[in-house]
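Undergrad: Sharing a structure with you now.
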Amino acid sequence: MTPTPPKRFHGQDNEMDRFDRAGLRRFTARDALIAVGIGVVVLILAAGNSIRKAGNEMRDGIGRDAVLAVGRPSASIAAALPVQHVAHVMTGWIKPNPLISGPGGFTATAATGVGQAIPPVTPDAFNPTAIGAPAPPRQKLHTLLVTGDSMSEPLDQDLAQILDPDGVNVIQDPHIGTGISTTVLVNWGQLAAYQVRHDHPNAIVIFIGANDGYSMPGPGGRQVNCCSVEWATIYAQRVRQMMNTYRQDGVARVYWLTLPTPRDPARAQISLVVNAAIKVAAEPWQDQIRVIDTVPVFTPDNRYRDSMPVNGEPTIVRESDGIHLNDAGSEVAAKLVLGFVDKDFTR
Amino acid sequence: MLFPTVQFAIFFPIVLALSWALMSRPALWKPFIIIASYVFYASASPVFCLLLAGVTLWNAGAAQLIHRSTDERTRAWICRVAVAGNLLNLGVFDYYTFFASAVAHALNALGLGMPLPLLTVALPVGISFYTFQAISYTVDVKRGLIAPARLIDTTLYLSFFPHLVAGPIVRAREFLPQLERPRDPNKVAVSSGLTLIGLGLIKKVVIADYLGRTIVDPVFGVPQAYHAPDVLLAGYAYAAQIYCDFSGYTDIAIGLALLMGFVFPKNFNSPYRATGFRDFWRRWHMTLSRFLRDYLYIPLGGNRGSRLFTYRNLMITMLLGGLWHGAAWTFVLWGGYHGFGLMLDHMFGDRIRLPTWLKRVIMFHLVVLGWVMFRAESLTLTWQFLSRLASWGAPTLWNWRVLAAIAAAIVPQLLPQQPMQALQDWLGRIRPVVLAPAVAVLILFIAATVPSDGVPPFIYFRF
Numbered sequence: 001m002t003p004t005p006p007k008r009f010h011g012q013d014n015e016m017d018r019f020d021r022a023g024l025r026r027f028t029a030r031d032a033l034i035a036v037g038i039g040v041v042v043l044i045l046a047a048g049n050s051i052r053k054a055g056n057e058m059r060d061g062i063g064r065d066a067v068l069a070v071g072r073p074s075a076s077i078a079a080a081l082p083v084q085h086v087a088h089v090m091t092g093w094i095k096p097n098p099l100i101s102g103p104g105g106f107t108a109t110a111a112t113g114v115g116q117a118i119p120p121v122t123p124d125a126f127n128p129t130a131i132g133a134p135a136p137p138r139q140k141l142h143t144l145l146v147t148g149d150s151m152s153e154p155l156d157q158d159l160a161q162i163l164d165p166d167g168v169n170v171i172q173d174p175h176i177g178t179g180i181s182t183t184v185l186v187n188w189g190q191l192a193a194y195q196v197r198h199d200h201p202n203a204i205v206i207f208i209g210a211n212d213g214y215s216m217p218g219p220g221g222r223q224v225n226c227c228s229v230e231w232a233t234i235y236a237q238r239v240r241q242m243m244n245t246y247r248q249d250g251v252a253r254v255y256w257l258t259l260p261t262p263r264d265p266a267r268a269q270i271s272l273v274v275n276a277a278i279k280v281a282a283e284p285w286q287d288q289i290r291v292i293d294t295v296p297v298f299t300p301d302n303r304y305r306d307s308m309p310v311n312g313e314p315t316i317v318r319e320s321d322g323i324h325l326n327d328a329g330s331e332v333a334a335k336l337v338l339g340f341v342d343k344d345f346t347r
Numbered sequence: 348m349l350f351p352t353v354q355f356a357i358f359f360p361i362v363l364a365l366s367w368a369l370m371s372r373p374a375l376w377k378p379f380i381i382i383a384s385y386v387f388y389a390s391a392s393p394v395f396c397l398l399l400a401g402v403t404l405w406n407a408g409a410a411q412l413i414h415r416s417t418d419e420r421t422r423a424w425i426c427r428v429a430v431a432g433n434l435l436n437l438g439v440f441d442y443y444t445f446f447a448s449a450v451a452h453a454l455n456a457l458g459l460g461m462p463l464p465l466l467t468v469a470l471p472v473g474i475s476f477y478t479f480q481a482i483s484y485t486v487d488v489k490r491g492l493i494a495p496a497r498l499i500d501t502t503l504y505l506s507f508f509p510h511l512v513a514g515p516i517v518r519a520r521e522f523l524p525q526l527e528r529p530r531d532p533n534k535v536a537v538s539s540g541l542t543l544i545g546l547g548l549i550k551k552v553v554i555a556d557y558l559g560r561t562i563v564d565p566v567f568g569v570p571q572a573y574h575a576p577d578v579l580l581a582g583y584a585y586a587a588q589i590y591c592d593f594s595g596y597t598d599i600a601i602g603l604a605l606l607m608g609f610v611f612p613k614n615f616n617s618p619y620r621a622t623g624f625r626d627f628w629r630r631w632h633m634t635l636s637r638f639l640r641d642y643l644y645i646p647l648g649g650n651r652g653s654r655l656f657t658y659r660n661l662m663i664t665m666l667l668g669g670l671w672h673g674a675a676w677t678f679v680l681w682g683g684y685h686g687f688g689l690m691l692d693h694m695f696g697d698r699i700r701l702p703t704w705l706k707r708v709i710m711f712h713l714v715v716l717g718w719v720m721f722r723a724e725s726l727t728l729t730w731q732f733l734s735r736l737a738s739w740g741a742p743t744l745w746n747w748r749v750l751a752a753i754a755a756a757i758v759p760q761l762l763p764q765q766p767m768q769a770l771q772d773w774l775g776r777i778r779p780v781v782l783a784p785a786v787a788v789l790i791l792f793i794a795a796t797v798p799s800d801g802v803p804p805f806i807y808f809r810f
């Protein structure tokens, strides 16, 4: 049967013939393939190394293998010819990120043991309030740097909204997709040094680790895979290096949040190790580094949950990816952080 | 897989070459494109492929049942059930969390328990877009505008990767006829496709992302940290950002489809040239506007009744259109605002005598006001943002780059359209062998503007 079309039919609202009308469908499929081929060749010659770099940034899997299968030979071809250098010179001035270079990069591999040597204990290892000693006078909070990976969003906004009316300069500096265990996108050792040089914060809130789990170079340059004790040791060494940079010889206070347990069991295993490494890393400077453990708050006993009571009301606190905190969860985290900040600073 | 990524830059040339190689043999070409599209979709999450396949089977089955039935009432019922199934599916994934939270809060206030578990539900990328296309297919079969397609064609229609995740919303009656016979390899708009891809990348990466990270995100995140000049600038910047982000995506999608021999409908037509709300919705996200008109506003009764009846239908359509963008009160407010604007436009639009340029200026600012509601993460932040417009202080974010980016997004829309179209057509006539290296060099410059964090997802991927 052929039902009658409805009276109201807007058939001429799509301009499907616009390319025909203008006579633009005048080329052939061969032209299309040649054009795309030319584009591919130009990109390989001028940015072959970027293809390999993009592959290195990806997590293990077929996608990464495919990109690296193209990226490795592309990088070799690009390196053998001068085009990439010329392209780099031509486009270098556009780069949006400040050049983060100088000291502080993760270079040293972690020691695998200290043998008979006894690590020295310094007064910095004690938080006075934790042992009943008089607390140092609180200072005025001038500049708070909130940084990390995507976990630090929207925590940074929440803290800025709360602290801005008090005249605190809140610097929001998230670096999405980065991790401490990978230096491909950002070397957090260098970045921490740059942030301190550039922003002079007297307090730093850092929430990072959601992307971690990459293999890292260990002793002798061999790759150490997650999540062995050796991997945790190297990770803790990197975290400790960053903590040392951020604390600025004891002038600043650092608030380092552990990761709430994610939904995915594989990721949960990584976050368990990351959190343990953070706690170990902070031990020499408990006077200046506050590890804010989010696990008891959001995921007691490391059990993932989407919702929890907030102000007596059941509330969803996680994003649908099972990793990040949503707006409500972030507000909870912000209050948690401020509880620690207010013990050290006035505002 | 995002369009402006290395993964896609590897994926597309391979698919394009094989697509044209197999084009003359539909029995091979169709399964190949379906597999390629599912691979493209699986890069977001393989599990969601099952959902896409389920939606396809559901609508293909419904269309067949509708076609076989001779009783109009039965046909109507099958159509209703099919559409309800689509909306239920969309509702579970898109709105469950919003709905369950709202119910839980309401019942908790009354001291009652929670009837629904409070869970976060992962949102499958592009679910709104392919669901709407599926609805258009089933309803058009019911209306007799198209015959039901073979399953393989329906599958291809719903999964075709250039429009899969963020539109444009291509009607079945626009796409399926293009599958009837192989695309003509001697009629390909290659240079138009390359031009659109280049233009889309500039809009997305150079303008939208730049404005997002330098102005929009900081000011909308903490409006009280800024004074009126910066807040005003952020409003304009977001108008530029969302246009460049979404129309940039659409340009790339249309360009990719053109290289493969397909034509998609137009989705934007210089929206900031609009002189009224009606005009705006004829120019902004045109494929959504006409979907809402054809499958919601007209079935509600459209303007076939009293004025009050028309206004009611306009308001319902726009409120649901707002909610389509996401489960948040800010979107409802934005939809209601546009519904109200359309009502006023219907009431007084034809009676107001003002110069066209002044109408454009007024409408642009009304649209920007709507975007503030759309962008703010809560109603509180919407109010904070707007109230900061009354707080005068020194501008801190104004610089020539920002102003140039905003101007680059908006000014071309205000210029006479004929020369702009002529320029685009001229580019579309350049020999591809000449244009391709230029576009490749352009891409190198565009890539150089990408920060170390990479390219953020398109705004409309969330919807």
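Heads up: the protein sequence lines correspond to chains A and B, in order.
First residue of the first sequence? That's 1 in this note's numbering, and the numbers climb one at a time after it.
First residue of the second sequence? That's 348 in this note's numbering, and the numbers climb one at a time after it.
Virtual Cβ for every residue (Gly too), placed ideally from N, Cα, C.
Shortest alpha-carbon distance to I738 of chain B belongs to which of B:Q571, B:G682, B:F656 and B:F687?
TA: As a working mapping, residue 738 of chain B is identified with position 391 in the second sequence. Contrary to the premise, residue 738 of chain B reads as Ser rather than Ile in this sequence. Per the Cα distances, B:Q571.
Undergrad: With a threshold of 6 Å on Cβ separation, who are the neighbours of G547 of chain B within its own chain once the five nearest residues in sequence on each side are excluded?
TA: The residue you call residue 547 of chain B lines up with position 200 of the second sequence. The beta carbon of G547 of chain B is closer than 6 Å to those of G595, D598 and I599 in its chain, skipping five residues each way along the sequence.
Undergrad: Is it the case that the region 204 to 219 of chain A contacts the region 239 to 258 of chain A, given that we only count it when at least three CB pairs across the two stretches are under 8 Å?
TA: yes
Undergrad: Going along the chain, which residues of the region 647 to 676 of chain B sit with their C-beta nearer than 8 Å to a C-beta in chain A?
TA: G649
Undergrad: Whose C-beta lies closer than 7 Å to the C-beta of F440 of chain B among residues of the same chain, with five residues either side of it excluded?
TA: Here residue 440 of chain B is taken as the residue at index 93 of the second sequence, counted from 1. Cβ within range, chain order: V468, L470, P471 and I474.
Undergrad: With a 10 Å radius around its C-beta and 16 neighbouring C-beta atoms as the bar for buried, classify A79 of chain A as buried or exposed.
TA: Here residue 79 of chain A refers to the residue found at position 79 of the first sequence. Exposed, because fewer than 16 other Cβ atoms sit within 10 Å of the Cβ of A79 of chain A.
Undergrad: Starting from G568 of chain B, follow the alpha helix (DSSP H) in both directions and report where the run begins and ends.
TA: As a working note, residue 568 of chain B is residue 221 in the second sequence. Boundaries of the alpha helix (DSSP H) harbouring G568 of chain B: D564 to G568, taken from the DSSP string.
Undergrad: Compute the Euclidean distance between the alpha carbons of Y590 of chain B and I554 of chain B, then round it to the nearest angstrom.
TA: Counting from 1 along the second sequence, the entry for residue 590 of chain B is found at position 243. Counting from 1 along the second sequence, the entry for residue 554 of chain B is found at position 207. Distance between the alpha carbons of Y590 of chain B and I554 of chain B: 10 Å.
Undergrad: Under a Cβ-count criterion, where at least 16 other Cβ atoms within 10 Å of its own Cβ denotes burial, should I131 of chain A be classed as buried or exposed?
TA: Within the first sequence, residue 131 of chain A is the residue found at index 131, counting from 1. I131 of chain A should be labelled exposed.
Undergrad: Would T796 of chain B pass as an interface residue toward chain A - the criterion being a Cβ-Cβ separation below 8 Å?
TA: Taking the first residue of the second sequence as position 1, residue 796 of chain B is located at position 449. Judged by the 8 Å Cβ criterion, T796 of chain B is in contact with chain A.
Undergrad: Report the neighbours of H574 of chain B on chain A: residues whose CB is nearer than 7 Å to its CB, in chain order.
TA: Mapped onto the second sequence, residue 574 of chain B falls at position 227. Within chain A, no residue comes near H574 of chain B; the closest Cβ sits about 12 Å away, beyond 7 Å.
Undergrad: For N311 of chain A and V274 of chain A, I'd like the C-alpha separation in whole angstroms.
TA: Here residue 311 of chain A corresponds to residue number 311 of the first sequence, with the count starting at 1. Here residue 274 of chain A corresponds to residue number 274 of the first sequence, with the count starting at 1. Cα-Cα distance, rounded: 29 Å.
Undergrad: Quick test of your reading: F345 of chain A and A125 of chain A, contact by CB under 8 Å. State the CB separation rounded to the nearest angstrom.
TA: Counting from 1 along the first sequence, the entry for residue 345 of chain A is found at position 345. Counting from 1 along the first sequence, the entry for residue 125 of chain A is found at position 125. That pair is no contact at about 21 Å.
Undergrad: Just checking: is the beta-carbon of Q764 of chain B within a distance shorter than 8 Å of some beta-carbon in chain A?
TA: In the second sequence, residue 764 of chain B corresponds to position 417, counting from 1. So, not an interface residue.
Undergrad: Three-state secondary structure (DSSP) at R253 of chain A?
TA: Taking the first residue of the first sequence as 1, we reach residue 253 of chain A at position 253. Note: R253 of chain A maps to strand in three-state DSSP.
Undergrad: May I ask you to report which of helix, strand or coil DSSP gives D173 of chain A?
TA: Position 173 of the first sequence holds residue 173 of chain A. D173 of chain A falls in the strand class under three-state DSSP.
Undergrad: Is the Cβ of P565 of chain B closer than 8 Å to any Cβ of chain A?
TA: In the second sequence, residue 565 of chain B corresponds to position 218, counting from 1. It does; some Cβ of chain A falls within 8 Å.
Undergrad: Using only alpha-carbon positions, find the residue among A:Y214, A:A160 and A:A268 that is nearest to Y304 of chain A.
TA: Taking the first sequence and counting its residues from 1, the one referred to as residue 304 of chain A is at position 304. Nearest of A:Y214, A:A160 and A:A268 to Y304 of chain A, Cα basis: A:A268.
Undergrad: Spatial neighbours of G559 of chain B within its chain, please: C-beta separation below 6 Å, excluding the five flanking residues on both sides.
TA: Indexing the second sequence from 1 puts residue 559 of chain B at position 212. Excluding sequence neighbours, G559 of chain B sits near Q588.
Undergrad: Indicate whether G55 of chain A and A193 of chain A have their beta-carbon atoms separated by less than 8 Å.
TA: For this step, residue 55 of chain A is matched to residue 55 along the first sequence. For this step, residue 193 of chain A is matched to residue 193 along the first sequence. Not in contact: G55 of chain A and A193 of chain A (Cβ atoms no closer than 8 Å).
Undergrad: Have a look at Q237 of chain A and A277 of chain A and give me their C-alpha separation to the nearest angstrom.
TA: To locate residue 237 of chain A, count along the first sequence from 1; it is residue 237. To locate residue 277 of chain A, count along the first sequence from 1; it is residue 277. Taking C-alpha positions only, Q237 of chain A is separated from A277 of chain A by approximately 8 Å.
Undergrad: By the criterion of Cβ-Cβ separation under 7 Å, what are the contact partners of G221 of chain A in chain B?
TA: As a working mapping, residue 221 of chain A is identified with position 221 in the first sequence. Going along chain B, no residue has its Cβ under 7 Å from G221 of chain A, so there is no contact; the nearest lies around 25 Å.
Undergrad: Which chain B residues are close to M16 of chain A, counting only those with a beta carbon under 7 Å from its beta carbon?
TA: Walking along the first sequence from the start, residue 16 of chain A turns up at place 16. Simply E521, V610 and P612.
Undergrad: Please decide whether V352 of chain A counts as near chain B, where near means a Cβ-Cβ distance under 8 Å.
TA: The requested residue 352 of chain A does not occur in the structure, where chain A is confined to residues 1 to 347.
Undergrad: Leaving out five residues on either side along the sequence, give the residues of the same chain with a beta carbon under 7 Å from the beta carbon of V70 of chain A.
TA: As a first step, residue 70 of chain A must be located in the first sequence, where it is residue number 70. These residues qualify, in order along the chain: I51.
Undergrad: Among the residues of its own chain, which have a CB less than 6 Å from the CB of Q241 of chain A, if the five just before and after it don't count?
TA: Walking along the first sequence from the start, residue 241 of chain A turns up at place 241. Excluding positions up to five away in sequence, the list reads G189.
Undergrad: Pull the bridge partners of A350 of chain A from the DSSP assignment, please.
TA: It is not possible to answer for residue 350 of chain A, since the shown part of chain A is limited to 1 through 347.
Undergrad: When you compare each of A:T299, A:P128 and A:N14 to Q288 of chain A by their alpha carbons, which one comes out closest?
TA: As a working mapping, residue 288 of chain A is identified with position 288 in the first sequence. When each option's Cα is compared against that of Q288 of chain A, the closest is A:P128.
Undergrad: From the DSSP output, which residues share a beta bridge with T315 of chain A?
TA: As a first step, residue 315 of chain A must be located in the first sequence, where it is residue number 315. In DSSP, T315 of chain A forms a bridge with A:M308.
Undergrad: Determine the chain B residues that contact Q157 of chain A at a beta-carbon separation under 7 Å, and present them in chain order.
TA: Residue 157 of chain A sits at position 157 when you count from the first residue of the first sequence. G568 and V569, listed in chain order.
Undergrad: Check this for me: beta carbons of I176 of chain A and G213 of chain A, under 8 Å apart or not?
TA: On the first sequence, residue 176 of chain A is found 176 positions in, with the first residue counted as 1. On the first sequence, residue 213 of chain A is found 213 positions in, with the first residue counted as 1. Not a contact, by the Cβ cut-off of 8 Å.
Undergrad: Would you please state the rounded distance, in angstroms, between the beta carbons of A281 of chain A and M243 of chain A? I believe it to be under 8 Å.
TA: Taking the first sequence and counting its residues from 1, the one referred to as residue 281 of chain A is at position 281. Taking the first sequence and counting its residues from 1, the one referred to as residue 243 of chain A is at position 243. Indeed, because the Cβ distance is near 6 Å, the residues count as touching under 8 Å.
Undergrad: When you compare the CB positions of A787 of chain B and G39 of chain A, do they come within less than 8 Å of one another, or not?
TA: Against the second sequence, residue 787 of chain B aligns to sequence position 440. Against the first sequence, residue 39 of chain A aligns to sequence position 39. Contact: yes.
Undergrad: Take V295 of chain A as the anchor and find which of A:L336, A:E283, A:V196 and A:R138 has the nearest alpha-carbon.
TA: Residue 295 of chain A sits at position 295 when you count from the first residue of the first sequence. When only C-alpha atoms are compared, the closest one is A:L336.
Undergrad: Between which two residues does the alpha helix (DSSP H) harbouring I34 of chain A extend?
TA: Here residue 34 of chain A refers to the residue found at position 34 of the first sequence. Counting along the chain, the alpha helix (DSSP H) containing I34 of chain A begins and ends at A29 to E57.
Undergrad: Can you tell me where the beta strand (DSSP E) with R290 of chain A in it begins and where it stops?
TA: Residue mapping note: residue 290 of chain A aligns to position 290 of the first sequence, counting from 1. Its beta strand (DSSP E) spans residues I289 to I292.
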